[in-house]
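Written below as structure tokens is the structure these notes are about.
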Amino acid sequence: MSTYNILILGASYGSLLASKILLGGHAVKLVCLPAEADLIDCEGFRVRIPIRGRSEPIELDSRKLPGRVSAAGTTDVDPREYDLIGLAMQEPQYGSPGVRELLNAVARSRVPCMSIMNMPPLPYMRRIPGVDSELLKPAYTAPAVWEDFDPGTMTLCSPDPQAIRPPGEKANVLQVTLPTNFKIARFDVERGNEIVRRLEREIDAARFDTPEGKIELPVKLRFYDSIYVPLAKWAMLLAGNYRCITEDGMRTAREAVHSDLAASRSIYDFVLDVCVKIGASRDDLVPFEKYAAAAESLSRPASAARALNNGAPNIERADKLVQLAAEQKGMRHPALDEIVALVDRRLEANRKVKPAAA
1 MSTYNILILG
11 ASYGSLLASK
21 ILLGGHAVKL
31 VCLPAEADLI
41 DCEGFRVRIP
51 IRGRSEPIEL
61 DSRKLPGRVS
71 AAGTTDVDPR
81 EYDLIGLAMQ
91 EPQYGSPGVR
101 ELLNAVARSR
111 VPCMSIMNMP
121 PLPYMRRIPG
131 VDSELLKPAY
141 TAPAVWEDFD
151 PGTMTLCSPD
161 PQAIRPPGEK
171 ANVLQVTLPT
181 NFKIARFDVE
191 RGNEIVRRLE
201 REIDAARFDT
211 PEGKIELPVK
221 LRFYDSIYVP
231 LAKWAMLLAG
241 NYRCITEDGM
251 RTAREAVHSD
261 LAASRSIYDF
271 VLDVCVKIGA
281 SRDDLVPFEK
291 YAAAAESLSR
301 PASAARALNN
311 GAPNIERADK
321 LVQLAAEQKG
331 MRHPALDEIV
341 ALVDRRLEAN
351 RKVKPAAA
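With this note's numbering, letter number 226 in the sequence shown gets 226, and the count goes up by one each step, no holes.
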């Protein structure tokens, strides 16, 4: 069978997705900063994945996987040359110089795009009949960058696996901390569906050589016909990730969820109700008990909290997105309003020190 040529914007979290695609023998190009691109072109990348029953994680070295990886800057790729494009940067980055222009070229190419952002791209929200996407624009850093996309070519892949760049390591190393699955909703264009279904099969079939023999690796791709399945991440973000943010600092996701389990359940169930109100089935979503159990292992603050603590003038606003979607259905929750107000205050304080880019 022929191999795919796949472009991924973002080499940090994007390297996890890339490592799974490389198992099928495909070619992956990672778009990243020049120094990072030089490092990946010279040394490849490493992804460390914990394996149940093993004391040490398995390390995937991209140079030893069946496919091939390379890296480039934003001006050095032509999206039309690819079969599938992955969006693995955080939402505010798509409005930055260089990335904005590349994203416009991606939109014009009409190549199927699979986002693994926490924040669903605006074209994906246009596929959700239960919401008015125009009213969601205030949640986006630069909503205009999404205008030229054909919504049918955009899908969402829920970024449920958790990963970090280990402190003190090179920029081409990623450590998976929660090895769950990527959940992909169908495209409206069949070409995209064919590609992700094949990737799903190849990743399922892949085995990794160890001294004890070949083993199956966690972190799979799971394809769904329902366009609502990836929105299950919303409840997790609001009950955990955004509640890592405190008035003057941050806390771990485990603390955010388990320090007041009743409060966590309340906001989690409210967000599930919002998803159902806009068209999801309960079967599309993840019950609170399963999420709370997974949160026991989340021993670091979420990326949104870390970004705020580091002075970021913009972060992904999935909190505001859910609030705006809920308001369209006449729904409110005081905890959600408090989260949005807190993030607004923290961002305003950061912007006084470091003004947001235009």
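Glycine residues also receive a C-beta, built at the ideal position from the N, C-alpha and C atoms.
Grab me the residues of residue i's own chain with a C-beta within less than 6 Å of its C-beta, minus the 5 sequence neighbours each way, in chain order.
i	result
Val99	Thr74 and Gln93
Ala358	Confidence at Ala358 is low in this model, with a pLDDT of 45, below 50, so the placement of that residue is unreliable and no value is reported for it.
Leu272	Ala235 and Leu285
Val106	Pro79 and Ile85
Pro138	none
Ala206	Leu23
Ile51	Ile58
Taking Cβ to Cβ, would you say residue i is nearer than 9 Å to residue j?
i	j	result
Leu23	Gly86	no
Val257	Gly240	yes
Leu9	Leu103	yes
Arg165	Leu174	yes
Ala304	Ile245	yes
Ser158	Ala232	yes
Glu316	Met125	no
Met114	Val28	no
Ala88	Phe45	no
Val69	Leu33	no
Gln90	Ala295	no
Whole angstroms is fine: what's the gap from residue i's alpha carbon to residue j's?
i	j	result
Thr177	Val229	22 Å
Leu217	Pro179	9 Å
Leu261	Leu336	16 Å
Lys20	Arg54	20 Å
Ser62	His333	45 Å
Met119	Ile215	33 Å
Ala341	Ala325	16 Å
Arg282	Gly14	29 Å
Ile6	Tyr82	5 Å
Leu71	Glu36	Correcting the residue type first, residue 71 is Ala in the shown sequence and not Leu. Their Cα atoms are separated by approximately 8 Å.
Pro79	Lys183	24 Å
Val77	Met331	44 Å
Leu60	Ile40	14 Å
Leu17	Gly130	30 Å
Asn310	Arg351	12 Å
Ser2	His26	9 Å
Arg346	Asp204	42 Å
Glu247	Asp344	11 Å
Ile58	Pro161	16 Å
Tyr365	Lys64	Past the boundaries of the shown model lies residue 365; the chain is included only from 1 to 358, so the question cannot be answered.
By Cβ distance, which residues of its chain are closer than 7 Å to residue i, with the 5 residues on each side in sequence left out?
i	result
Glu202	Leu23 and Gly24
Val189	Pro112, Gly152 and Thr153
Phe288	Arg265, Tyr268 and Asp269
Leu199	Ile21, Gly24 and Leu221
Asp150	Arg110
Asp148	Asn104, Ala107 and Arg108
Could you say which of the options lies nearest to residue i if we only look at CA atoms?
i	options	result
Ile49	Pro287, Ala294 and Phe208	Phe208
Glu56	Ser62, Val47 and Lys64	Val47
Lys354	Val343, Met331 and Asn314	Asn314
Thr141	Leu122, Val131 and Asp150	Leu122
Lys329	Val274, Leu308 and Gly311	Val274
Ala263	Pro161, Glu338, Pro143 and Asn193	Glu338
Glu43	Ile51, Ala295 and Lys170	Lys170
Ala280	Val69, Ile128, Arg108 and Ala293	Ile128
Quiz item: How about the region 309-320 and the region 216-228: do they share at least three Cβ pairs that are nearer than 8 Å?
Solution: no
Query raised in the report: Is the region 300-313 close to the region 243-255, with three or more CB pairs under 8 Å?
Result: yes
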